[in-house]
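Chemist:
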Amino acid sequence: MISKHLQSFMRIGMSALLASAVLGFSAGSVMAEKVLRVAPHADLKNLDPIWTTAYITRNHGYMVYDTLIAMDGDLNPQPQMLEGWDVSDDGLTYTFTLRDGLKWHDGAPVTSVDCIASIMRWSKRDGMGQKLADFTKSMSRIDDKSFKLVLNKPYGLVLASLGKISSNVPFMMPVRLAMMDAFEAVPEIVGSGPFVFDKDAWVPGAKVVYRKNTAYVPRSEPASYAAGGKRVHVDTVEWIYIPDAATTMNALVAGEIDFWESPAVDLVPSMEGNADITIKVIDPLGTQGWLRPNHLNPPFDNPKARQALTHMVNQEDYLRAIIGDEKFWSTCPAYFMCGTPLDTDIGSEALVKQDLAKAKALLKEGGYNGETLILMDPTDIPVLHGASLVTAQMLRDIGAKVEVQAMDWSTLTSRRAEKKSIADGGWNIFHTYSTGADVSSPIANIGISGGCEEKAWFGWPCDRDGPDSLEGLRDAFSEESDPAKQKAIATKLQARAYEVVPYVNYGQWFQPTAYRSSLKGVLISPVPFFWNIELN
Amino acid sequence: MFGYVIRRILATIPVMGVVAIFVFLLLHLTPGDPAAVIAGDYASPADVERIRETLGLNRPLHIQFFTWAGQLFQGDLGVSIFSKQPVIKLIGQRIEPTLALATTTIIFAVLLAVPLGVLAAWKSGTWIDRSVMVFAVLGFSVPIFIIAYSMIWTLSIHLHWFPVQGYKSFLIQTGTGIDGAAIIGIGFEGICRDSGRAGCGLVPFFRHIALPSIALGLVYVALIARITRASVMEVLTEDYIRTAHAKGLSPRVVLIRHALKNASVPIVTIIGIGIALLLGGVVVTESVFNIPGLGRLTVDAILHRDYPIIQGLILIFAGVYVLINLLVDISYTFLDPRIRY
Amino acid sequence: MDAMADESLVVRESLGARVRQYCRRNPTIVIGALLLLMMLIIALLASYLTPDPMKLNPIKRLRVPGEGMLFGTDMYGRDVFARTLHGSRISLLVGLSAAAVSTFFGLTIGLLAGYNRLFDTIVMRFMDGIMAIPSILLAIALVSLTGASVGIVIVAISIPEIPRVVRLVRSVVLTIREQPYVEAAISVGARLPTILLRHILPNTLAPLIVQATYVCASAMITEAILSFLGAGTPPDIPSWGNVISEGRQYFQRAPWIIFFPGVFLTITVLAVNILGDGLRDGLDPRIARQMR
Numbered sequence: 107m108i109s110k111h112l113q114s115f116m117r118i119g120m121s122a123l124l125a126s127a128v129l130g131f132s133a134g135s136v137m138a139e140k141v142l143r144v145a146p147h148a149d150l151k152n153l154d155p156i157w158t159t160a161y162i163t164r165n166h167g168y169m170v171y172d173t174l175i176a177m178d179g180d181l182n183p184q185p186q187m188l189e190g191w192d193v194s195d196d197g198l199t200y201t202f203t204l205r206d207g208l209k210w211h212d213g214a215p216v217t218s219v220d221c222i223a224s225i226m227r228w229s230k231r232d233g234m235g236q237k238l239a240d241f242t243k244s245m246s247r248i249d250d251k252s253f254k255l256v257l258n259k260p261y262g263l264v265l266a267s268l269g270k271i272s273s274n275v276p277f278m279m280p281v282r283l284a285m286m287d288a289f290e291a292v293p294e295i296v297g298s299g300p301f302v303f304d305k306d307a308w309v310p311g312a313k314v315v316y317r318k319n320t321a322y323v324p325r326s327e328p329a330s331y332a333a334g335g336k337r338v339h340v341d342t343v344e345w346i347y348i349p350d351a352a353t354t355m356n357a358l359v360a361g362e363i364d365f366w367e368s369p370a371v372d373l374v375p376s377m378e379g380n381a382d383i384t385i386k387v388i389d390p391l392g393t394q395g396w397l398r399p400n401h402l403n404p405p406f407d408n409p410k411a412r413q414a415l416t417h418m419v420n421q422e423d424y425l426r427a428i429i430g431d432e433k434f435w436s437t438c439p440a441y442f443m444c445g446t447p448l449d450t451d452i453g454s455e456a457l458v459k460q461d462l463a464k465a466k467a468l469l470k471e472g473g474y475n476g477e478t479l480i481l482m483d484p485t486d487i488p489v490l491h492g493a494s495l496v497t498a499q500m501l502r503d504i505g506a507k508v509e510v511q512a513m514d515w516s517t518l519t520s521r522r523a524e525k526k527s528i529a530d531g532g533w534n535i536f537h538t539y540s541t542g543a544d545v546s547s548p549i550a551n552i553g554i555s556g557g558c559e560e561k562a563w564f565g566w567p568c569d570r571d572g573p574d575s576l577e578g579l580r581d582a583f584s585e586e587s588d589p590a591k592q593k594a595i596a597t598k599l600q601a602r603a604y605e606v607v608p609y610v611n612y613g614q615w616f617q618p619t620a621y622r623s624s625l626k627g628v629l630i631s632p633v634p635f636f637w638n639i640e641l642n
Numbered sequence: 002m003f004g005y006v007i008r009r010i011l012a013t014i015p016v017m018g019v020v021a022i023f024v025f026l027l028l029h030l031t032p033g034d035p036a037a038v039i040a041g042d043y044a045s046p047a048d049v050e051r052i053r054e055t056l057g058l059n060r061p062l063h064i065q066f067f068t069w070a071g072q073l074f075q076g077d078l079g080v081s082i083f084s085k086q087p088v089i090k091l092i093g094q095r096i097e098p099t100l101a102l103a104t105t106t107i108i109f110a111v112l113l114a115v116p117l118g119v120l121a122a123w124k125s126g127t128w129i130d131r132s133v134m135v136f137a138v139l140g141f142s143v144p145i146f147i148i149a150y151s152m153i154w155t156l157s158i159h160l161h162w163f164p165v166q167g168y169k170s171f172l173i174q175t176g177t178g179i180d181g182a183a184i185i186g187i188g189f190e191g192i193c194r195d196s197g198r199a200g201c202g203l204v205p206f207f208r209h210i211a212l213p214s215i216a217l218g219l220v221y222v223a224l225i226a227r228i229t230r231a232s233v234m235e236v237l238t239e240d241y242i243r244t245a246h247a248k249g250l251s252p253r254v255v256l257i258r259h260a261l262k263n264a265s266v267p268i269v270t271i272i273g274i275g276i277a278l279l280l281g282g283v284v285v286t287e288s289v290f291n292i293p294g295l296g297r298l299t300v301d302a303i304l305h306r307d308y309p310i311i312q313g314l315i316l317i318f319a320g321v322y323v324l325i326n327l328l329v330d331i332s333y334t335f336l337d338p339r340i341r342y
Numbered sequence: 036m037d038a039m040a041d042e043s044l045v046v047r048e049s050l051g052a053r054v055r056q057y058c059r060r061n062p063t064i065v066i067g068a069l070l071l072l073m074m075l076i077i078a079l080l081a082s083y084l085t086p087d088p089m090k091l092n093p094i095k096r097l098r099v100p101g102e103g104m105l106f107g108t109d110m111y112g113r114d115v116f117a118r119t120l121h122g123s124r125i126s127l128l129v130g131l132s133a134a135a136v137s138t139f140f141g142l143t144i145g146l147l148a149g150y151n152r153l154f155d156t157i158v159m160r161f162m163d164g165i166m167a168i169p170s171i172l173l174a175i176a177l178v179s180l181t182g183a184s185v186g187i188v189i190v191a192i193s194i195p196e197i198p199r200v201v202r203l204v205r206s207v208v209l210t211i212r213e214q215p216y217v218e219a220a221i222s223v224g225a226r227l228p229t230i231l232l233r234h235i236l237p238n239t240l241a242p243l244i245v246q247a248t249y250v251c252a253s254a255m256i257t258e259a260i261l262s263f264l265g266a267g268t269p270p271d272i273p274s275w276g277n278v279i280s281e282g283r284q285y286f287q288r289a290p291w292i293i294f295f296p297g298v299f300l301t302i303t304v305l306a307v308n309i310l311g312d313g314l315r316d317g318l319d320p321r322i323a324r325q326m327r
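Going down the list, the protein sequences come from chains L, E and Y. Each residue of the first sequence is one higher than the one before, starting from 107 at the first, in my numbering. Each residue of the second sequence is one higher than the one before, starting from 2 at the first, in my numbering. Each residue of the third sequence is one higher than the one before, starting from 36 at the first, in my numbering.
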């Protein structure tokens, strides 16, 4: 029995053979289709942005899906699919009303039931979603276009959660898909966003094709971050995944692609003199590097040893090695990023001024006895590979024995989940990074959670007892809605973080984007959006 | 002869069986967990466990094997863990570039290597012979990506003679059928079959495939040229060649009609054996030139532990190798009248 | 016969003349061996000739060759000269080990297969299966699934080569066991190990050595390809493949990062290949024909 696909494949082959008998000359009759060719930062592997946190899937989500609320350029939540919202005086009841003209890609109208189901599915996977679910008493439909959310106690981050700009973004899906298991990816991609996913043209590992959603009604406001009108000026957007950076650059210079989402910073000088290419940092928040120790294994189960890491790290060394050009990085001691509302330098003396002797002493005080430290090095991600090399050298400089274990990122993601001791194959340190949108709030920043083995992110920092612990302060922050008071709590939280050291921030950098200068209307935003762009 | 062919075909079955078992064990006995990759950063160990459950990775190994083998017999290679697309569809999407690259490479290599080999044998001991042999040994010694980057650097970036990367199909839309569907054919330049845009056809195809074929083909040229030279030189010393010369046939006729014909068995054999080399080289070539073919699909799948794709692809690559060598074996009966079964 | 006549002539000449004559007669062996020797010396002396190849120096990144940095620096400010010279260690280690491992196992399996019908039938099916999988793909899969280390890379490169060695040995055994003197040995009751070791093994050595040089050359290229594709020697070890792989995205801005290791790799592989060709030409042409 031959499967259906094989049959259809053979049929194409046969018709090609038959038709090839008629050699054709059909140059000239070219359709005037406007195609935006994009080289994305990664290959799109999973299509369900609720199911995975991968940034590439998040970006795909913004093409196909829409959100109820969206963050604007001032980091304020604005209505996107909503007409607006009402909050009761006690702050416990939120009423949401959908705007007119919203349709799913299969033609059905968007209803409040779809939205309730989507929020519920999202809250099973997302950290902020889980938090919101903890505070939620009920969600109920009022009519087809409105629904209400009732809290069991006041919660300051309802709108910020639903307007979350980065993974997992609470995208809206039709109820039949949103009712599905949150731990299984949805089988079909039906959204209400400005683009339609062309499943037949998708070549996993090479190409993703989005067609303009002609039924989409954009808001009237100008686009600002994820908020405002998503006006599409092209017929098709193609994501062409090119694994090799040098090849991508050549393709951009030759005009074979129009937009390169994240060029290697070291290649930027080769393009800067070229008038056809525009280089621009479109994510103003930047990216933060994390050196993550494992809080379960010695010596980093001892806060002294973790503080030794803070004294050891010199951000400039890391940033020069992994980014190079000074235009694209800055040292930054703030846990919630520099240049954000929660930016502060409290408690950061140890990080700002490198002191290897102090680090050496603290490591010893922390109980280090010359055992070999296991550092996991994801060599397929150049930035993290470079950071791993720098850390290994620094650790050796402060008298530690280090084994750099090379692996690919996907192996690292499974290895880091191991809570085992070093003798049984556990680990001590790995590096990662997080975009500003995911770090700039104490709730979204999963690295700063002190939720111990049960709730904290890999590395499992444990600091949850009392109101002045990491977890205590994060809870206090989430219940507060006054920005000034939030800032005060976040400042205390950072001071506490410099004592506990859930992770060490090895610097902040700004990923430039390169595109053909003929493109107009490229948006400034932490997420690359492909509406508003015009081809000339 | 017919009996031989049947026996030869039956002999491929245990080979493919070995490949299937080998690949399965390789994937399932090695560390690395696709579930953890799928679950992503924020997943708890419980989530990872659930995903393992839904993927069937928790079932006993032999059950997983027989489930997979049972599906195989029905022509079902399974579904990609990540993209959820049927493996056969993913392979179908990628087969054209790889097939085209392999075919143009073989044609290029044979057209260049056989004359070179014959020439070297004919002018044995002269500077021509020596340069061909030096070229051949260089062809073996320079890694494919070094050749590829040197060519991109000079021919594409500096001289702009060729595109830097990518693949364009030679298939174009030649018209529209009565049912409204596009009619696909081959033409010099025209509208692409899949995207509906200009830029496909034979001219773009050859512009894009030229450098990859040369880069990939050089090892192959070296291999075939050496064998051709050695075989032709050996044949040239045989009695019947001397007889042919004595009969007064022109050297060229002797060389082509007698020597090359009789040297064809080892040449065809090496082309068959070289297929394995070629399929391996495709992986590197496709990643340097960004050709969306099977080689890149394989590397991606291995790096992400997409088990169904890796299993399917290795089976297909092995199948192609077995098939080509089957054809080579059978072709002996036509090439060499002395071989009878 | 010829060789013996030559030797009796040569004995009377001086050593220098003998060397000159050997070089004239076997230029390829001499050139190959000299180049290889040079690489071996570089590999052995690398730590004395150069600074630490792993030392990062972010301030001095991407320096042009010259000015105290003979081959320039890479993107982490490491000395490319040091990395290139140290790279010869890994390439030679991987090449020679892969040749040794695959020859050893190929020889053992091949001798047994050539001698025992039943073992032959079973093991050759298995060998056919392995040969059907493109060797680079098999090696990538082995390395990336079991984790990168130099040892794993050697094993992963050796496994696909084993069937080729087995086939060669087996064919030699099959030819030789039909020879009258072997049949005579069997008929006077010589034991199997004796026959294998005394009569058959020596005959396989010459073609095996040649085959081993080819395995060595292709192992060095495969190591580079594996590292290039990100599934090879652990990237913190400066092998040529790794240096090239890390430098590839800089190939327009800092071509020296891939140029120097590329040239060294090519020269080394070339040396081994030339040596192999020279050795092969000295072999019985009937056996030589079965190779490559």
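Cβ coordinates follow ideal geometry from the N, Cα and C atoms, glycine included. Small disclaimer: the values here were computed from a predicted structure and weren't measured.
Are any of the Cβ atoms in chain Y nearer than 8 Å to that of residue 495 (chain L)?
Modeler: Looking up residue 495 (chain L) in the first sequence gives position 389. Yes, contact with chain Y.
Chemist: Between residue 301 (chain Y) and chain E, is the shortest Cβ-Cβ distance under 8 Å, so that the two count as touching?
Modeler: Your numbering for residue 301 (chain Y) matches position 266 in the third sequence. Taking Cβ atoms only, chain E reaches closer than 8 Å to residue 301 (chain Y), which makes this a yes.
Chemist: Quick one: list the residues of chain Y neighbouring residue 27 (chain E), beta-carbon separation under 8 Å, in chain order.
Modeler: What you label residue 27 (chain E) is simply residue 26 of the second sequence in a count that begins at 1. Chain Y residues near residue 27 (chain E): 176, 177, 180.
Chemist: So, are the CB atoms of residue 20 (chain E) and residue 315 (chain E) less than 8 Å apart?
Modeler: Within the second sequence, the letter at position 19 stands for residue 20 (chain E). Within the second sequence, the letter at position 314 stands for residue 315 (chain E). Yes, they are a contact pair.
Chemist: Please report the distance separating the alpha-carbon of residue 293 (chain L) from that of residue 215 (chain L).
Modeler: Stepping through the first sequence from its first residue, residue 293 (chain L) is reached at position 187. Stepping through the first sequence from its first residue, residue 215 (chain L) is reached at position 109. Using only the alpha carbons, I get a separation of about 20 Å.
Chemist: Can you check the stretch 534-583 of chain L for any beta strand (DSSP E) of at least 3 residues that lies completely inside it and give the ranges in chain order?
Modeler: You should have 535-541.
Chemist: Can you give the Cα-Cα distance for residue 221 (chain Y) and residue 283 (chain E), rounded to whole angstroms?
Modeler: Position 186 of the third sequence, counted from the first residue, corresponds to residue 221 (chain Y). Position 282 of the second sequence, counted from the first residue, corresponds to residue 283 (chain E). Going from the Cα of residue 221 (chain Y) to the Cα of residue 283 (chain E) covers about 49 Å.
Chemist: How is residue 212 (chain Y) classed by DSSP in three states: helix, strand or coil?
Modeler: Taking the third sequence and counting its residues from 1, one reaches residue 212 (chain Y) at position 177. Helix.
Chemist: Taking only beta-carbon atoms, is residue 367 (chain L) less than 8 Å away from chain E?
Modeler: Taking the first sequence and counting its residues from 1, one reaches residue 367 (chain L) at position 261. No, residue 367 (chain L) does not count as interfacial toward chain E.
Chemist: Ordered along the chain, which non-local residues of its own chain (more than five positions away) have a Cβ less than 7 Å from that of residue 164 (chain E)?
Modeler: As a first step, residue 164 (chain E) is located in the second sequence; it is residue number 163 there, counting from the start. So the qualifying residues of the chain are 157, 208, 209.
Chemist: What is the DSSP secondary structure of residue 51 (chain Y), reduced to helix, strand or coil?
Modeler: Here residue 51 (chain Y) corresponds to residue number 16 of the third sequence, with the count starting at 1. Three-state result, residue 51 (chain Y): helix.
Chemist: May I ask you to list, following chain order, the residues of the stretch 82-102 of chain Y that have a beta carbon less than 8 Å from some beta carbon of chain L?
Modeler: Flagged, chain order: 89, 90, 91, 93, 94, 96, 97.
Chemist: Candidates Y:311, Y:291, Y:273, Y:312: which alpha carbon is nearest residue 332 (chain Y)'s?
Modeler: Residue 332 (chain Y) falls outside the range modelled here, since chain Y spans only 36 to 327, and no answer is possible.
Chemist: Can you give me the C-alpha to C-alpha distance between residue 242 (chain Y) and residue 344 (chain L), rounded to a whole angstrom?
Modeler: The sequence position of residue 242 (chain Y) within the third sequence is 207, counting from 1. The sequence position of residue 344 (chain L) within the first sequence is 238, counting from 1. About 55 Å.
Chemist: Of the residues that make up the stretch 502-535 of chain L, which ones have a beta carbon closer than 9 Å to any beta carbon in chain Y?
Modeler: Under the 9 Å Cβ criterion, the stretch 502-535 of chain L contributes 510, 511, 512, 513, 514, 517.
Chemist: Return the residue from the list L:405, L:518, L:437, L:433 that minimises the CA-CA distance to residue 419 (chain L).
Modeler: If you number the first sequence from 1, residue 419 (chain L) lands on position 313. Residue 419 (chain L) has its Cα closest to that of L:437, out of L:405, L:518, L:437, L:433.
Chemist: Compile a chain-ordered list of the residues in the stretch 124-146 of chain Y whose CB is closer than 8 Å to at least one CB of chain L.
Modeler: Answer set for the stretch 124-146 of chain Y: empty.
Chemist: Taking C-beta pairs closer than 8 Å, name the residues in chain Y that residue 379 (chain L) reaches, listed in chain order.
Modeler: As a working mapping, residue 379 (chain L) is identified with position 273 in the first sequence. By Cβ distance, chain Y contributes nothing, its closest Cβ being about 12 Å from residue 379 (chain L), past 8 Å.
Chemist: Taking all protein chains shown into account, do 16 or more other C-beta atoms lie within 10 angstroms of the C-beta of residue 63 (chain Y), making it buried, or fewer, making it exposed?
Modeler: Counting from 1 along the third sequence, the entry for residue 63 (chain Y) is found at position 28. When all chains shown are included, residue 63 (chain Y) counts as buried.
Chemist: Can you have a look at residue 1 (chain E) and say buried or exposed, based on whether 16 or more other CB atoms are within 10 angstroms of its CB?
Modeler: Because chain E spans 2 through 342 in this model, residue 1 (chain E) falls outside it and cannot be assessed.
Chemist: Check each candidate in E:216, E:240, E:87, E:94 and name the one with the smallest Cα separation from residue 295 (chain E).
Modeler: Residue numbering aside, residue 295 (chain E) sits at position 294 when the second sequence is read from its first letter. Considering only alpha carbons, the answer is E:94.
Chemist: What residues match up with residue 513 (chain L) in a beta bridge as DSSP calls it?
Modeler: Translated into the one-based positions of the first sequence, residue 513 (chain L) becomes position 407. Beta-bridge pairing links residue 513 (chain L) to L:484.
Chemist: Got a sec: is the Cβ-Cβ distance from residue 144 (chain E) to anything in chain Y below 8 Å?
Modeler: As a first step, residue 144 (chain E) must be located in the second sequence, where it is residue number 143. Closer than 8 Å: yes.
Chemist: Helix, strand or coil: how does DSSP classify residue 154 (chain E) here?
Modeler: Within the second sequence, the letter at position 153 stands for residue 154 (chain E). In this structure, residue 154 (chain E) counts as helix in the three-state DSSP scheme.
Chemist: Could you say which of Y:224, Y:67, Y:136, Y:70 lies nearest to residue 194 (chain Y) if we only look at CA atoms?
Modeler: For the purposes of this step, residue 194 (chain Y) is taken as residue 159 along the third sequence, with counting starting at 1. Of Y:224, Y:67, Y:136, Y:70, the residue nearest in Cα terms is Y:136.
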